[in-house]
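Engineer: Please find one structure pasted underneath; my questions will follow.
Protein chains: 2
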Amino acid sequence: MSVDEQPLISRQRLADQVYDVLRGRILDRSLVPGDRLSVPLLASELDLSRSPVREAVQRLVVEGLAEEQLHRGARVAGVDAADLADVFAVRQTLEGLAASLAVAGDTAGLVTVLRASIADHTAAIAADDEKAILAADQAFHQALLTAAHNPHLDRALGPLLGRAQIAMLSGDLSRWPRKALAEHKAILAAIRAGDAGAAETAARDHVAAVLARHLSRG
Amino acid sequence: MSVDEQPLISRQRLADQVYDVLRGRILDRSLVPGDRLSVPLLASELDLSRSPVREAVQRLVVEGLAEEQLHRGARVAGVDAADLADVFAVRQTLEGLAASLAVAGDTAGLVTVLRASIADHTAAIAADDEKAILAADQAFHQALLTAAHNPHLDRALGPLLGRAQIAMLSGDLSRWPRKALAEHKAILAAIRAGDAGAAETAARDHVAAVLARHLSRG
DNA sequence: CTGTTACACATTACATACAATCTTCTGCTA
DNA sequence: TAGCAGAAGATTGTATGTAATGTGTAACAG
Chain A
1 MSVDEQPLIS RQRLADQVYD VLRGRILDRS LVPGDRLSVP LLASELDLSR SPVREAVQRL
61 VVEGLAEEQL HRGARVAGVD AADLADVFAV RQTLEGLAAS LAVAGDTAGL VTVLRASIAD
121 HTAAIAADDE KAILAADQAF HQALLTAAHN PHLDRALGPL LGRAQIAMLS GDLSRWPRKA
181 LAEHKAILAA IRAGDAGAAE TAARDHVAAV LARHLSRG
Chain B
1001 MSVDEQPLIS RQRLADQVYD VLRGRILDRS LVPGDRLSVP LLASELDLSR SPVREAVQRL
1061 VVEGLAEEQL HRGARVAGVD AADLADVFAV RQTLEGLAAS LAVAGDTAGL VTVLRASIAD
1121 HTAAIAADDE KAILAADQAF HQALLTAAHN PHLDRALGPL LGRAQIAMLS GDLSRWPRKA
1181 LAEHKAILAA IRAGDAGAAE TAARDHVAAV LARHLSRG
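Sequence lines, in order, name chains A and B. Last residue of the first sequence: 218 in our numbering, with the numbers rising by one and none dropped. Last residue of the second sequence: 1218 in our numbering, with the numbers rising by one and none dropped.
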């Protein structure tokens, strides 16, 4: 038995590494909606051939983080108001499911992780560190998703979270972060109580509130 | 203004056509779980180069209809019992959302389409035509999804329906098709009544029942 | 000066070439 | 005969070549 179990799809390929780089640049706003994803340009910049770059860009397109037109290349996907509402409708549903499923799993381990995220979140708010706030927030949601132990949920929700983040980053990073923190605590409380229904409701409410805050003042 | 409005991503590319071919073969069981998706073999069979074939296979992998290992190629994804439960948990949630959203849209047009599907379904059952039953069933679900007018929901649910179909096709095609038909009618009734909550519940119940029937005798 | 057309350029989509890795078969050893 | 080493073959991953399509600019006509 090997010590370091590789995931089913190894991340050793150049195409996967390029994908990670591009996804990272989109999510940290090094690349913003509308920016071109020129295959030859990226290839020369990253000092490799066009094949893995093209493969990475295609994957972004399939996942919806980029949009392409025939013979005209791909651009970073924009998320307008209507899109955002659509994204959040699905996200709300799936994050509710994730919270509900998480209760059925190893609650003890999950609670530890969520508490750590909340502690980081609190510290980041105190330090007024927007990047840290965002990181703690994402860690919370990711922990919930992981704890659901449903790879299909993971696959469905992952790209949605990416698109949601693209949109959120267009506005202020952290609007009323204290409210998000309070909502996270409510989710945690429901999980600690072992109440799947309450966890689902709390998660759905949180997602709805995030959207409402984002829309509250363009 | 042009007459034939192309979708954003045109389907003219060879890679897209190959994707359609492969997806079709998987969903009609010309290719079954575990079958290798050999790029050079498919390329020679389809009489084109490996580039578009590779791109199509990669897309199937991203969408989860195929699984690959590094340097060992891709195979048609298998869906075991645990996977199936996971798929249906997500599918239930998303189809419920789709039904709920569909009520908000053009109900009149939707009702017409759903009625047509139900009529086809009824006729197919009378004729004991399993392929037609399956087609009518899929048309119903597809109409519901389309009527939700949420491209992100579409993108999330599409691959799930594919994986669900892979699994269902492993068993009998149509178990108690009359029950599925009755459940479809219940969903339609809720939509006609303009009751989003009832539509969501009916859709969720239907998905759960489909899974239960599939599992009821391996 | 404005609008159109033609041409040069860049990029995409596909084809092919090469290198690294895996599988499988063969033949040797114990 | 069973088991393993090793080479041959095939396939994947990456690089590069080529044809087709789209874009942008500049010259020219009105």
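Built from N, CA and C at the ideal position, the CB exists for glycine as well. Predicted model, so just to flag it, every value in this text is computed and none were measured.
1) Provide the residue span of the beta strand (DSSP E) that contains residue 1076 of chain B, from first to last.
2) Can you check whether the C-beta of residue 1059 of chain B is within less than 7 Å of a C-beta belonging to chain A?
3) Per DSSP, residue 1037 of chain B forms a beta bridge with which residues?
4) Should residue 87 of chain A be flagged as near chain B, meaning a C-beta pair shorter than 7 Å?
5) Taking 7 Å as the limit between beta carbons, can you name the residues of its chain near residue 150 of chain A, skipping five residues before and five after?
6) Taking just the CA atoms, how far does residue 13 of chain A sit from residue 1036 of chain B?
7) Specify, as a first and last residue, the run of the alpha helix (DSSP H) that residue 12 of chain A falls within.
8) Hey, would you say residue 1212 of chain B sits closer than 7 Å to residue 1202 of chain B, going by beta carbons?
9) Among A:142, A:91, A:123, A:122, which residue has its Cα nearest to the Cα of residue 231 of chain A?
10) Heavy atom of the ligand MN less than 6 Å from the Cβ of residue 92 of chain A, yes or no?
11) Assuming contact is defined by CB atoms lying nearer than 7 Å, are residue 152 of chain A and residue 1087 of chain B in contact in what I supplied?
12) Which term fits residue 1158 of chain B, buried or exposed, when burial requires 16 or more other beta carbons within 10 angstroms of its beta carbon?
13) Please confirm whether residue 155 of chain A has its beta-carbon closer than 7 Å to some beta-carbon of chain B.
14) Taking a Cβ distance cut-off of 8 Å, strictly less, list which residues of the region 79-112 of chain A are near chain B, in chain order.
15) Of all the CB atoms in chain A, is at least one closer than 7 Å to the CB of residue 1073 of chain B?
16) Given residue 43 of chain A, which residues of its chain have a CB within under 7 Å of its CB, disregarding the five upstream and five downstream residues?
17) Just to confirm my understanding: we take residue 1214 of chain B, look at its own chain, exclude 5 residues before and 5 after, and list those with CB closer than 8 Å. What are they?
18) I'd like to know whether the C-beta atoms of residue 124 of chain A and residue 136 of chain A end up nearer to each other than 7 Å.
19) Find the residues of chain A that neighbour residue 1151 of chain B, judging by a C-beta separation of less than 7 Å, and give them in chain order.
20) Is the separation between the beta-carbon of residue 1018 of chain B and that of residue 1095 of chain B shorter than 7 Å?
21) Express the C-alpha separation of residue 1148 of chain B and residue 1105 of chain B in angstroms, rounding to a whole number.
22) Measure the CB-CB distance between residue 33 of chain A and residue 76 of chain A and report whether it falls below 7 Å.
23) Please list the terminal residues of the continuous beta strand (DSSP E) segment that includes residue 66 of chain A.
24) State buried or exposed for residue 1162 of chain B, treating a residue as buried only when at least 16 other CB atoms are found within 10 Å of its CB.
25) Specify the secondary structure class of residue 1046 of chain B as computed by DSSP and reduced to three states.
26) Can you tell me the Cα-Cα spacing of residue 1140 of chain B and residue 204 of chain A, whole angstroms?
27) Identify which residue in B:1198, B:1188, B:1164, B:1187 has its Cα closest to the Cα of residue 1081 of chain B.
Structural biologist: The relevant details are as follows:
1) Where residue 1076 of chain B is concerned, the enclosing beta strand (DSSP E) stretches over 1073-1076.
2) It does; some Cβ of chain A falls within 7 Å.
3) Under the DSSP definition of a beta bridge, residue 1037 of chain B partners with B:1074.
4) For residue 87 of chain A, the answer is yes, since a Cβ of chain B falls inside 7 Å of its Cβ.
5) Taken in chain order, the residues that qualify are 101.
6) Approximately 20 Å, taken between the alpha carbons.
7) For residue 12 of chain A, there is no enclosing alpha helix (DSSP H), as DSSP marks it with neither H nor E.
8) Cβ distance not < 7 Å, so residue 1212 of chain B and residue 1202 of chain B don't count as in contact.
9) This structure leaves residue 231 of chain A out entirely; chain A is present only between 1 and 218.
10) This structure lacks the ligand MN, and indeed carries no ligand of any kind.
11) In terms of Cβ geometry, residue 152 of chain A and residue 1087 of chain B form a close pair [threshold 7 Å].
12) Exposed is the call here.
13) Chain B contact via Cβ: present.
14) Correct list: 83, 86, 87, 89, 90, 93, 94, 96, 97, 101.
15) Judged by the 7 Å Cβ criterion, residue 1073 of chain B is not in contact with chain A.
16) Cβ-Cβ distances below 7 Å link residue 43 of chain A to 49, 50, 53 in the same chain, with the five nearest sequence neighbours on each side left out; the list follows chain order.
17) Cβ within range, chain order: 1084, 1167, 1168, 1171, 1175.
18) It is a contact, given that the beta carbons lie within the stated cut-off.
19) Correct list: 86.
20) Their beta carbons are not under 7 Å apart, which means residue 1018 of chain B does not touch residue 1095 of chain B by this criterion.
21) For residue 1105 of chain B and residue 1148 of chain B, the distance between alpha carbons rounds to 7 Å.
22) Cβ distance < 7 Å, so residue 33 of chain A and residue 76 of chain A count as in contact.
23) Counting along the chain, residue 66 of chain A sits inside the beta strand (DSSP E) bounded by residues 66-69.
24) With a 10 Å radius around the Cβ and a threshold of 16 neighbouring Cβ atoms, residue 1162 of chain B comes out buried.
25) DSSP, reduced to helix, strand and coil, places residue 1046 of chain B within a helical segment of the structure shown.
26) Near 28 Å, if we compare the C-alpha coordinates of residue 204 of chain A and residue 1140 of chain B.
27) Distance check between residue 1081 of chain B and each of B:1198, B:1188, B:1164, B:1187 places B:1164 closest, using alpha-carbon atoms only.
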